[in-house]
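These protein sequence lines map, in sequence, to chains A and B. Heads up, the first sequence is in my numbering, so the first residue is 9 and it goes up one at a time. Heads up, the second sequence is in my numbering, so the first residue is 9 and it goes up one at a time. Don't be surprised by glycine CBs; every beta carbon is placed ideally from N, CA and C. Down below is the structure, laid out as structure tokens.
2 protein chains.
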Amino acid sequence: MIIFADSFLWIIMKLKYAIVGTGALGGFYGGKLAHSGQDVHFLFHSDYEFVKVNGLKIDSFNGSFLVKPVNAYQQANQMPACDVVLVCLKTNNNQLLREILPPLLHKDTVIVLVQNGLGIEQELSTHFPNNSIAGGLAFICSSKIGTGHIAHYDFGSIKFGSYQGENTEKLEQVCNDLKQAGIKAEFSQNLNEARWQKLVWNIPYNGLTVVLNTTTDRMMKQPDSRQLIWEIMMEVVEASKYCSTDVGENFAHKMMYMTDKMTPYAPSMKVDFDAKRPMEIQAIYTNPIQTALKAGYNMKKVSMLEQQLHFIQSLY
Amino acid sequence: MIIFADSFLWIIMKLKYAIVGTGALGGFYGGKLAHSGQDVHFLFHSDYEFVKVNGLKIDSFNGSFLVKPVNAYQQANQMPACDVVLVCLKTNNNQLLREILPPLLHKDTVIVLVQNGLGIEQELSTHFPNNSIAGGLAFICSSKIGTGHIAHYDFGSIKFGSYQGENTEKLEQVCNDLKQAGIKAEFSQNLNEARWQKLVWNIPYNGLTVVLNTTTDRMMKQPDSRQLIWEIMMEVVEASKYCSTDVGENFAHKMMYMTDKMTPYAPSMKVDFDAKRPMEIQAIYTNPIQTALKAGYNMKKVSMLEQQLHFIQSLY
């Protein structure tokens, strides 16, 4: 084997992936990578025993498949150190990462937060200052519908960006691996912009489907809720300008168009609400609101949505 | 009998009252007037037969009573012309007034809209340009809880104001009659101010109890919803300044204090929502929003609440 300088090794070496949180996102993207022949190691919680025996089932509108056998683990400290860790937990569980991540890391591991919201890489970097951190934004409609069973309803693209600019080649390699697995994956030079773009969709649809106890399609069809969605998107677009980027009104138009075409959908926050699980209010609402406020812009309707969500969650 | 000049007649003559809409408000105030010996004529809809036989029952925290017999009517054209018509319908039914009112009116009748919201006297005056119109703002917690059966839980004061400044003596006489019946009644020189004052309470509590599917006390106890109530009140206070009055921040503090002391309560809009009846969105939200907007102020959170209510009502 020819020995290359360290920095070139990733080009020819297969990446070792860890999936932390094998749900709607981790199950799907990890499953696709594994199904395409990548070396993927999945951390499971309650589904471990089932998946060990039955495998991980992905029902996708693009073609269903079963990953079997699965490199499944119940404890992070039984897992190998990996080159790329895709963190697909809900942000509310990120405090668990301080225990979960250390066994999975070597000095060049990239930790990718495939999560919604803002400010999460910053938070993680305070606990893992020597690791390379990145973010992943998934534009996908998927759900975990049973033990070891993921449903993929629509879309599926994912966009990656580096938190502090390191390891961009490795992230591009991740994109290539995903593309080979049939996923539309993209590397962005601007993680902050990618996160604000995703917020343009997440902020109106996640919160309003909970507060109005409904689905995306119903809100898009009724003129008042449609107008409210648009006004909330405009607040997020405006806030992005105060926060070192500008996602632009055109992007909001695209999100409206995409949601019109989308299968009727309950976003992840609505699924959490229905299951009486904690909602990701901090990452999706509080952090963007406070970031924009510090920069000089008050997202008034977004704040009202946050307040309504806090009230609703207080009644659980 | 000594004959006085017309304008003095009201001082010594007993007023003849008509109650249009014998529900939570009409049943209570009309019932109190009748119980105290006033000449009150009630228009009933479905409760007519029952009340004719069983009377009108008021369960009040201040003392319960039965009005029996009741001057009950099923058709407005069977009723006598009256000096004062207390309109206690929901504003959504105000189009019915064009048919109901004419038989009840003589040339000096005062039509009093004991209703919430803004712009309703103006609307009525286009159809009854030759009649004296007034407004009544009830600060009361009451409900119709059964056929011919009203429950009065808390408070009970009422404030009257003339729409165009006429007939103030007759309205003061109405106040006196109500006071004699044990009601805290007040005449205001400024109906516009009184309506905006009432909106400071109505706008946050009516809409939010529907959208959050809850009661006043729960929202007051949870910090985020409490803060949201306050912010919405501040929008209404600010709007009032653009609309020829200023209800003032102190009034909002009073409303917060009063609601803290209040029996847990579902406002009328929540009662309508639970019964899947149309909500008074136009009078309580749309009219104030548009009035303020024309005057140069955008009540953003109030508008969001209106949009949410429209969506919720569209699902009925």
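For LYS76/B, the three-state secondary structure derived from DSSP is coil. Annotation for CYS96/B: no alpha helix (DSSP H) segment contains it, and DSSP assigns it neither H nor E. Secondary structure remark: continuous beta strand (DSSP E) runs of at least 3 residues inside the stretch 39-67 of chain A, in chain order: 47-51.
7 Å or more divides the Cβ of ALA89/A from the Cβ of VAL120/A. By the criterion of a C-beta distance shorter than 6 Å, SER140/A is surrounded in its chain by VAL118, GLU174 and ASN175, once the five residues flanking it on both sides are discounted. LEU216, VAL219, LEU220, ASN221 and THR222: these are the residues of the stretch 198-222 of chain A whose beta carbon lies less than 9 Å from some beta carbon of chain B, given in chain order. In the displayed model, VAL255/B falls within coil according to three-state DSSP, outside both helix and strand.
In this structure, the alpha-carbon of THR155/A lies about 19 Å from that of VAL48/A. Below 8 Å, too few C-beta pairs join the stretch 127-136 of chain A and the stretch 63-75 of chain A to call them touching: fewer than three. At a Cβ-Cβ threshold of 7 Å, LEU94/B and ILE153/B do not count as neighbours. Listed along chain B are GLN230, each with a C-beta nearer than 7 Å to that of SER322/A. Non-local C-beta neighbours of SER233/B in its own chain, meaning closer than 6 Å and more than five positions away in sequence, comprise MET227, ordered along the chain. Listed in chain order, the positions of the stretch 304-323 of chain B with a beta carbon within less than 7 Å of a beta carbon of chain A are LYS308, LYS309, MET312, GLN315, GLN316, HIS318, PHE319, ILE320 and SER322. Between LEU97/B and GLY39/B, the CB-CB gap reaches or exceeds 7 Å.
For THR117/B, the enclosing beta strand (DSSP E) covers residues 113-122.
Note that the C-beta distance between LYS308/A and LYS308/B is below 7 Å. At a Cβ-Cβ threshold of 7 Å, LYS60/B and ALA80/B count as neighbours.
By the criterion of a C-beta distance shorter than 8 Å, LYS187/B is surrounded in its chain by ALA193, once the five residues flanking it on both sides are discounted. In the DSSP assignment, HIS261/B is bridged to no other residue.
A residue is called buried once 16 or more other Cβ atoms fall within 10 Å of its Cβ, and ALA84/B is buried on that count. In the DSSP assignment, the residues bridged to ASP162/A are CYS149/A. Distance from the Cα of PHE69/A is smallest, within the candidate group LYS24/A, GLN103/A, ASN102/A and ILE158/A, for ILE158/A.
Here LYS167/B is bridged, per DSSP, to LEU145/B and GLU194/B. For SER233/A, the nearest CB of chain B lies under 7 Å from its own CB, placing it at the interface with that chain. Assignment of LYS269/A by DSSP, reduced to helix, strand and coil, places it in the helix class.
For PHE195/A, the CB contacts under 6 Å within the same chain, skipping 5 residues up- and downstream, are PHE168, LEU179, GLU180 and CYS183 in chain order. Scanning its chain for C-beta atoms nearer than 6 Å, with the 5 sequence neighbours on each side dropped, one finds around PRO275/A the residues TYR213, ASN214 and THR217, in chain order. In the structure shown, the three-state DSSP call for GLY154/B is strand. From the beta-carbon of MET227/A, the residues of chain B found nearer than 9 Å are PHE319. In summary, GLN197/B is exposed, with fewer than 16 beta-carbon neighbours lying within 10 Å of its beta-carbon over all protein chains present.
Along the stretch 235-251 of chain A, the positions whose C-beta sits under 7 Å from a C-beta of chain B are GLN235 and LEU236, read in chain order. The Cβ atoms of TRP204/B and MET263/B lie no closer than 7 Å to each other. Between ASN124/A and ALA291/A a beta carbon distance of about 6 Å is seen, short of the 8 Å cut, so the two are scored as contacting. For the pair SER165/A and ASN200/A, the CB atoms are not nearer than the 7 Å cut-off. Annotation for ILE211/B: the continuous alpha helix (DSSP H) segment containing it runs 199-219.
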